[in-house]
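Single-structure report; data block below.
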Amino acid sequence: MSNERATVGVGMVGHAFMGRAHSQAWRSVGPFFDPPVTPVMAALAGRSAERTGAAARELGWASVETDWKELLRRDDVQLIDICTPGDTHAEIAVAALDAGKHVLCEKPLANSVGEAAAMVAAAERARARGVRSMVGFNYRRVPAIALARRMVADGRLGTLRHVRAQYLQDWLTDPDSPLVWRLEKDRAGSGALGDIGAHIVDLAQFVTGQLLTGVSALTQTFVPERPLVGGDGTGPVTVDDAAVFVARTAGGALASFEATRFAAGRKNALRLELNGSAGSLSFDLESLNELWFHDHTEDAATAGFRRILVTEPEHPYVGAWWPPGHMLGYEHTFTHQFADMLAAIAAGTDPAPSFADGLQVQRVLAAVEQSAEDGAWTPVEEEAQTQEGTV
């Protein structure tokens, strides 16, 4: 019997910000997590042979393709990693799954509910043949978030009453920032809502274990026109700059959400707070090794929020890394994601979050957009006027 470990050849599409993060994770998952199947960085696909070749050399990919469809024809590629803008997700994922390739697709799953539903159907067809798929909501793999989910499931918060979720960034506050693809609805699907709001929708549902059942929303585009990339005139911004909405969970908790790329001074402030009958939890991505917990069953004289430093080997994912007190960062969440997916492929089980989970988030985003478009609005009654003037 051979002792040689099975391998999974990875073909990645896209090599910008997400491609770099994913490449780092593919390089580190083997040495730190020793997955039951070994990933091989077989090929990187991009439109420009020159740029893709340079990225492949820098990031550790063995070969280059200038057409992602070529990845589907290669026998040395068994998994497709999609790191492209949202308008291409459905086409690539459906073709890859129908070709018998496992798929990891970045979030949000698609640009519309219809596209996401088609991807779920393809995933179900592939699943029957042992082909696995997962959507890349990497923040589920922050150890503190995974610990929060465990504590909620264990009943440490009692009956959940409130969920507060924010994702605050400031990289678009300058009105002279160029019109990049994330500001074009045809490519991005939506703005802050889909880009970062999708994360907090997923995390709220993941940590609480409860789906959102309804929303009421407002969206705003603060800068409607921006300079074109390259500096030749301006073009319209066709997505939201910010979205705020309230919601109710299936368990009856009240929830509020805010996603913006105009929060001056906030770089990557993803915040989640849960309040229940027996306690509360609070998390901020800018301090991602910390989880704050209040046990409301303790004596009021000494009770209060206390910091849990989530760096112990007993905490989710942490045991594979450094001694206690040595911090993890953003990049580790992608490594955890790939470790989980490789383990699922080896075990023949379905990794999470599934494409169906991604579709659920897409449905929430669509409901937010519809609510904002409907514009249900109750004006505040103005002070009564008299003939003599203001009362």
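Using our numbering, the letters of the sequence shown map in sequence onto residues 315 to 705.
Note that CB positions come from ideal geometry on N, CA and C, so glycine has one too.
Can you check which of these residues, the options, is closest to residue i by C-alpha distance?
| i | options | result |
| --- | --- | --- |
| M355 | A432, V682 and W340 | W340 |
| D609 | A592, V624, A578 and V351 | A592 |
| G523 | A556, A680, G566 and D554 | G566 |
| V466 | E687, G344, L595 and L679 | L595 |
| R677 | L423, F648 and W635 | L423 |
| G639 | G469, V351, H650 and L602 | L602 |
| P538 | E438, D555 and L525 | D555 |
| D516 | A502, T563, T552 and G549 | T563 |
| T548 | A561, P489 and G511 | P489 |
| M655 | G544, T366, N452 and V521 | N452 |
| L560 | L526, E372 and N582 | The sequence given here places Val at residue 560; Leu does not occur at that position. Taking only the C-alpha atoms, the option nearest V560 is L526. |
| Q483 | G579, L497 and A410 | G579 |
| R443 | R387, E384, T380 and I659 | I659 |
| E498 | C419, R475, G325 and N425 | N425 |
| S337 | D348, A437, G325 and G511 | G325 |
| L393 | I510, H416 and Y631 | H416 |
| V445 | L418, H513, A431 and A432 | L418 |
| G545 | V494, W382, G360 and D500 | V494 |
| D395 | S342, A368, A335 and D613 | A335 |
| T402 | D500, E695 and D688 | D500 |
In this structure, how does DSSP classify residue i when only helix, strand and coil are distinguished?
| i | result |
| --- | --- |
| F774 | There is simply no residue 774 to check, as the chain begins at 315 and stops at 705 in what is shown. |
| M641 | coil |
| N452 | helix |
| P457 | helix |
| G662 | coil |
| L423 | coil |
| V705 | At V705, the pLDDT of 46 sits below 50, so the modelled position is not reliable; the number obtained from the coordinates is stated separately. Correct three-state label for V705: coil. |
| Q338 | helix |
| G323 | strand |
| H403 | helix |
| R677 | helix |
| D395 | strand |
| A479 | strand |
| L411 | helix |
| H329 | coil |
| V434 | helix |
| S491 | coil |
| S668 | coil |
| L474 | strand |
| L418 | strand |
Tell whether a beta-carbon distance below 7 Å holds between residue i and residue j.
| i | j | result |
| --- | --- | --- |
| R621 | E604 | yes |
| F669 | V434 | yes |
| E429 | A404 | yes |
| A686 | T533 | yes |
| L471 | L588 | yes |
| L568 | Y481 | no |
| G328 | C397 | yes |
| V427 | A531 | no |
| A617 | A573 | no |
| F619 | W606 | yes |
| G672 | V449 | yes |
| R455 | T625 | no |
| S491 | V553 | no |
| D390 | G333 | no |
| A357 | E379 | yes |
| L386 | A410 | yes |
| A458 | F597 | yes |
| T535 | V551 | yes |
| A657 | F346 | no |
| R475 | G590 | yes |
| A502 | K421 | no |
| L586 | A680 | no |
| S447 | A431 | no |
| A359 | W382 | yes |
Where does residue i land, buried or exposed, given buried means 16+ other C-beta within 10 angstroms?
| i | result |
| --- | --- |
| L542 | exposed |
| G400 | buried |
| S362 | exposed |
| F571 | buried |
| T649 | buried |
| Y644 | exposed |
| V477 | buried |
| M315 | For M315, the predicted model reports a pLDDT of 46, less than 50, meaning its position is unreliable and no value from the coordinates is stated. |
| W691 | exposed |
| A518 | buried |
| F331 | exposed |
| A615 | exposed |
| T321 | exposed |
| A366 | One point to set straight first is that residue 366 is Thr, not Ala, in the sequence displayed. Buried is the call here. |
Using a C-beta cutoff of 7 Å, does residue i count as contacting chain D?
| i | result |
| --- | --- |
| M448 | Judged by its chain identifiers, the structure shown contains no chain D, having just a single protein chain. |
Pick out the complete alpha helix (DSSP H) segments inside the segment 501 to 570, 4 residues or longer, and give them in chain order. Segments of the alpha helix (DSSP H) lying fully in the segment 501 to 570: 512 to 522.
Whole runs of the beta strand (DSSP E) within the segment 571 to 633, excluding any shorter than 3 residues: Listed in chain order, the complete beta strand (DSSP E) runs (minimum 3 residues) inside the segment 571 to 633 are 583 to 590, 593 to 598, 604 to 609 and 620 to 623.
Length-filtered (3 minimum) beta strand (DSSP E) runs lying within the segment 350 to 386: Whole beta strand (DSSP E) segments, 3+ residues: 352 to 359.
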